[in-house]
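The structure appears right after this line, and notes come after that.
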Amino acid sequence: MVSLLIAKTIPLEVIRVEQQNDKQQIVAVRKNGDGDIVELQLSSGQVVGYKEAQQMAKNDQIDNVNVFKGRDGDEHLRSNPDGRTDNNLDQLPTF
């Protein structure tokens, strides 16, 4: 008996798989007596100092924040502008 194998061409669909965002989010802040943010709590639960958070933002490890040079010449951490104020760093819950 002879078998006949018939190959059928099936068009392949390219599926774009979005890579999950593995960046941290800032979820809470700790302020000193003057109201300055001194520590930040990340979505992983990790607590980092302000300078460390700045470096992480520069390394693109924290989502939705950036570092800018203020009029005072110092670098400052801020949330990316999106027209909302409820997610500004000063408005986040404290811990």
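Numbering follows this note's numbering, with no gaps: position 71 of the sequence shown is 63. Just so you know, even glycine gets a beta-carbon here, dropped at the ideal spot from N, CA and C.
- The criterion of a C-beta distance shorter than 8 Å is not satisfied by Tyr42 and Ile54.
- Take Gln17, set aside five residues on each side of it, and the residues of its chain with a beta-carbon closer than 8 Å to its own are Leu34, Ser35, Ile54, Asp55 and Asn56, in chain order.
- For Lys23, the enclosing beta strand (DSSP E) has its first and last residue at Ile18 to Lys23.
- When DSSP states are grouped into helix, strand and coil, Lys15 belongs to the coil group.
- DSSP, reduced to helix, strand and coil, places Gln53 outside both helices and strands of the structure shown, so it counts as coil.
- Bounds of any beta strand (DSSP E) do not take in Ser35, whose DSSP letter is neither H nor E.
- Distance from Asn58 to Asn80 at the Cβ level is roughly 13 Å; contact not present, criterion being Cβ atoms closer than 8 Å.
- Secondary structure at Leu69: strand, using DSSP grouped into helix, strand and coil.
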